[in-house]
Amino acid sequence: MKTLLLIMSIMLTIPQLKAQKAFHDFVVKDIDGKEYPLSALKGKKVMVVNTASKCGLTPQYAKLEKLYKTYGGNNFIIIGFPANNFLSQEPGSNEQIKNFCSNEYGVSFPMMSKISVKGDDIHPLYRWLTEKNLNGVEDSSVSWNFQKYLIDEQGKLVKVVSPRTDPFDDEIIAWIKG
Numbered sequence: 004m005k006t007l008l009l010i011m012s013i014m015l016t017i018p019q020l021k022a023q024k025a026f027h028d029f030v031v032k033d034i035d036g037k038e039y040p041l042s043a044l045k046g047k048k049v050m051v052v053n054t055a056s057k058c059g060l061t062p063q064y065a066k067l068e069k070l071y072k073t074y075g076g077n078n079f080i081i082i083g084f085p086a087n088n089f090l091s092q093e094p095g096s097n098e099q100i101k102n103f104c105s106n107e108y109g110v111s112f113p114m115m116s117k118i119s120v121k122g123d124d125i126h127p128l129y130r131w132l133t134e135k136n137l138n139g140v141e142d143s144s145v146s147w148n149f150q151k152y153l154i155d156e157q158g159k160l161v162k163v164v165s166p167r168t169d170p171f172d173d174e175i176i177a178w179i180k181g
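Here it is, written out as structure tokens:
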């Protein structure tokens, strides 16, 4: 019986240990395939957005870029993660996505390599963003392209924002300025 209690105690502790991993512990690949350590973003508020080039919400790129130009810098950054998880709305290669973002919307905020944001092949960062036992805050699921995750300066998840929410929503602006 004591052995069983010990095993159960260890099993209950494992998720808590996994939850200690923070946003800044991840290393991702940028759109050019170079390593991008999220530890470089310590001290900044970060908006993580899954993006797509052929979506009804694709015009949000323009507002995200304006948000980045207005508030980006020492205290705030946006990072985009192209994903093809919703109706194949991001079919392009990293190079095609990069050209599209640059040519159509003048995107200057960092874009990462295309990943999966849900399903069996979900990227480890998005697993962290969507699972409470990993992020310590809440469970969520990526419901569509342009869902936003707000991360504080210490690398903790603060809020999940609906894909349809305008990047200049009052709550987002208050969070950036706060």
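The sequence shown begins at 4 in our numbering and counts up one residue at a time. Idealized CB from N, CA, C, for every residue including glycine. Given the structure is predicted, the values throughout are model-derived calculations rather than measurements.
Item	Value
Beta carbon of E93 nearer than 8 Å to that of P85	yes
Residues of its chain near K151, where Cβ-Cβ distance is below 6 Å and the 5 sequence neighbours each way are ignored	M50, V52 and V164
Bridge partner(s) assigned by DSSP for T54	P85
Residue(s) in a DSSP beta bridge with K32	E38
Nearest-angstrom Cα separation, counted from L90 out to P184	Residue 184 lies beyond the range of the chain shown here (4 to 181); nothing can be said about it.
Whole-angstrom distance between L132 and K121, CA atom to CA atom	11 Å
K48 vs D172 beta-carbon contact at 8 Å	no
Proximity winner among D142, I175, N77 and L128, relative to G46 (alpha-carbon distances)	N77
Test item: CB-CB of Y108 and A43 under 8 Å	no
Cβ-Cβ distance between M115 and K24 below 8 Å	no
Chain-order list of residues whose beta-carbon lies under 6 Å from that of F29 (same chain, five-residue window excluded)	L41 and L128
Supposed close pair I34, I100 - CB separation, criterion 8 Å	7 Å
Among S119, D123 and S143, nearest to G83 - alpha-carbon criterion	S119
Where L137 falls: helix, strand or coil (DSSP)	helix
Limits of the alpha helix (DSSP H) - the one that I179 falls within	D173 to K180
Helix, strand or coil at I100 [DSSP, three-state]	helix
Within 8 Å, strictly: CB atoms of F112 and S56	no
Own chain residues within Cβ distance below 8 Å of S144, not counting five before or after	K121 and T133
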